[in-house]
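In the UniProt record's numbering, the protein residues as written are 1 to 506.
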């Protein structure tokens, strides 16, 4: 007994040199470890040892999973933020190999805006080769009805081109035949639209010209996945933090918490990203269907993608703008010159092109034209329907490239922040004066901060929805029930009869 006491005292004296964990920690744990290893190596004694330690300082040990949960939430949020922001590179150019590299020695640019051209090109490939053709969209328009809507705008441009009396006289002369000529020209335009209006260029330039459009698209169609990626860090971090806590009980060394914290940050990011897309195809595990979160929301995501593309990228205004692009050097001018006989003067062709450009730039002045084109082109519904029909693996390409680009960097960020948090935990003064107060303060701070994130998120989302509804003057529609988390679902065959309400609450 005396020898054992001397042995423990020597270990206590040696470990008092450690400053990373606190002078109070080493004597307690070194002595307990010596007694523990000399008494028994059985599992029962291990569990008893761990249980005794947790009972002695429960609040201090509870800080470990609490901080791990906070680290999981914070690192995942940071990873998602770094996907999209900042829009432009901030920092020094040292060791930044190219404009398409999001990082330098000291600096960062969001992965999506940095790789905007590459990601936009993949989206263009999906839209133009699998979902929509410009011939199909314009083929739905009635040339004669479109001619009637464009006619007043063309007449107004002719009046501006010519002296007042001359212009009025010419309009009176050509008005009887102008609708017929314009209808024929528009009918031929439908047949040759692919050579005049390049859909790939329209979509690509829309994203590249304004990087925020691409960022907004990914954030909108992937809102549930991005929320899951962030919020899952809280639960996964807490669970992994329990293992981190046990490791600290068994081996309380200065490096234990930093290493375990790095693993928590790394693993939570990795698991969350895997759950987003794997498995792509539904997998039946008894009555349970397991599928990647993004693929399981294919119907809802397709609807949001179609609405966004129709409203922000392929709306009537931008299509008319690109149609009139180039003026006398553009494809539309060459087409009209081929279609109309040379006795038709140049100023009339120029007036027609300016009329198209004017209609594109002033959508509020010509609501009937744009309403007809939007309904006739039917871009949103077409994209929605065809995107819903894609195989899950092909559908995955819509969002997965965002995470594939520099994915390891985003996961590594979690590891670094986790290690920093773990290192800070070692300074809680385990077993020393004020340790309980420090532990209580730590739990309070991380809990309040985590709660603040969810509260602030709900407030911001509510404000965005109110602003969007007010700006768009939306017509209120029946509320659709949306699945927030569809990683696991139950097949209809195993639902009890008393829970089957049929279409009552559809």
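Note that the Cβ used here is the ideal one computed from N, Cα and C, for glycine as well.
The model shown is predicted, which means the values in this text are computed figures rather than measured ones.
What does the alpha-carbon distance come out to for the pair residue 408 and residue 205? Each residue's CA atom was taken as its position, placing residue 408 and residue 205 some 29 Å apart.
Need the endpoints of the beta strand (DSSP E) that residue 288 sits in, please. Its beta strand (DSSP E) spans residues 288 to 290.
Out of 314, 148, 260 and 354, which one is the CA nearest neighbour of residue 128? Residue 314 holds the alpha-carbon nearest to the alpha-carbon of residue 128 among 314, 148, 260 and 354.
May I ask which residues mark the beginning and end of the alpha helix (DSSP H) holding residue 259? Run containing residue 259: 256 to 277, per the alpha helix (DSSP H) assignment.
Between the C-alpha atoms of residue 427 and residue 239, what's the straight-line distance to the nearest angstrom? Residue 427 and residue 239 have their alpha carbons spaced roughly 22 Å apart.
Anticipated Cβ contact below 8 Å, residue 229 with residue 71, distance rounded: Incorrect: roughly 15 Å between the Cβ atoms, too far for contact.
Strictly by DSSP, which residues pair up with residue 284? For residue 284, the pairing in a beta bridge is given by DSSP as 289.
Assign residue 325 to buried or exposed, taking buried as 16 or more other Cβ atoms, counted over all protein chains shown, within 10 Å of its Cβ. With 16 or more Cβ atoms within 10 Å of its Cβ, residue 325 is classed as buried.
Below-7 Å beta-carbon distance, residue 418 vs any chain B residue: The structure shown contains no chain B, having only a single protein chain.
Collapsed DSSP secondary structure at residue 106 in the structure displayed: Residue 106: coil per DSSP, three-state reduction.
CA-CA distance, residue 337 and residue 218? Just so you know, the alpha carbons of residue 337 and residue 218 end up roughly 42 Å apart.
Please state if the CB of residue 131 and the CB of residue 234 are separated by a distance shorter than 7 Å. The answer is no: Cβ separation not under 7 Å.
Keeping to the same chain, check which residues put their C-beta closer than 7 Å to that of residue 95; ignore five residues upstream and five downstream. Answer for residue 95: 104 and 105, listed in chain order.
Residue 268 burial status per 10 Å Cβ neighbour count (16 or more: buried): Taking a 10 Å sphere around the C-beta of residue 268, we find 16 or more other C-beta atoms and assign the residue as buried.
Please report the distance separating the alpha-carbon of residue 384 from that of residue 436. Their backbone Cα atoms lie some 57 Å apart in a straight line.
Given residue 520, which residues of its chain have a CB within under 8 Å of its CB, disregarding the five upstream and five downstream residues? There is no way to answer for residue 520, as the model of the chain reaches only from 1 to 506.
From 58, 231, 257 and 112, residue whose alpha carbon lies closest to that of residue 451: Comparing Cα positions, the closest option is 231.
Please go through the same chain and pick out, in chain order, the residues whose beta-carbon is closer than 7 Å to the beta-carbon of residue 256, but skip the five residues on each side of it. The residues are 247 and 248.
Buried or exposed (CB count within 10 angstroms, at least 16 for buried), residue 456: Here residue 456 is exposed, its C-beta having fewer than 16 other C-beta atoms within 10 Å.
Output the distance between the C-alpha atoms of residue 271 and residue 370, rounded to the nearest integer angstrom. Spanning the two alpha carbons is a distance of roughly 46 Å.
Would residue 189 and residue 146 qualify as a contact pair, given that the criterion is a beta-carbon distance under 7 Å? Contact flag unset, no.
Let me confirm a value: residue 102 is counted as buried when at least 16 other C-beta atoms fall within 10 Å, else exposed. Which label applies? Result: buried.
Of all the options 305, 365, 339 and 282, which has the alpha carbon lying nearest to the alpha carbon of residue 391? Residue 391 has its Cα closest to that of 282, out of 305, 365, 339 and 282.
Which residues bound the alpha helix (DSSP H) around residue 364? Judged by DSSP secondary structure, residue 364 falls outside any alpha helix (DSSP H); it is assigned neither H nor E.
Taking the straight line between their C-alpha atoms, what separation do you get for residue 416 and residue 264? The alpha-carbon atoms of residue 416 and residue 264 are separated by roughly 10 Å.
Cβ-based burial, residue 518 [other Cβ within 10 Å; buried from 16]: A query on residue 518 cannot be resolved here, the shown segment of the chain reaching from 1 to 506 and no further.
Under the criterion of a Cβ to heavy atom distance below 6 Å, does residue 358 qualify as lining the ligand HEM? Absence of the ligand HEM from the depicted structure is noted, as is the absence of any ligand whatsoever, leaving it without description.
Tell me the DSSP bridge mates of residue 90? Answer is 108.
Once you ignore the five residues that flank residue 507 on each side, which residues in its own chain have a CB closer than 6 Å to its CB? This structure does not reach residue 507, given that the chain is present from 1 up to 506, and the question cannot be answered.
Give every residue of the same chain whose Cβ lies closer than 7 Å to the Cβ of residue 468, excluding the five residues on either side of it in the sequence, and list them in chain order. Its pLDDT being 45, under 50, residue 468 is placed unreliably by the model, and the measurement read from it follows with that caveat. Excluding residues within five positions, none has a Cβ falling inside 7 Å.
Where does residue 315 sit, in a helix, a strand or coil, going by DSSP? Correct three-state label for residue 315: coil.
Helix, strand or coil for residue 132, going by three-state DSSP, please let me know. DSSP places residue 132 in coil when its eight states are reduced to three.
Helix, strand or coil at residue 427 [DSSP, three-state]: Under the three-state reduction of DSSP output, residue 427 falls in the coil class, being neither helix nor strand.
Any idea if residue 65 is buried or exposed, counting beta-carbon neighbours within 10 angstroms, 16 or more meaning buried? When all chains shown are included, residue 65 counts as buried.
Checking 7 Å against the spacing of the C-beta atoms, do residue 220 and residue 310 come in under that value? One thing to note: residue 220 has its Cβ no nearer than 7 Å to the Cβ of residue 310.
Can you tell me whether residue 404 is buried or exposed, with buried defined as 16 or more other CB within 10 angstroms of its CB? Answer is exposed; the Cβ neighbour count stays below 16.
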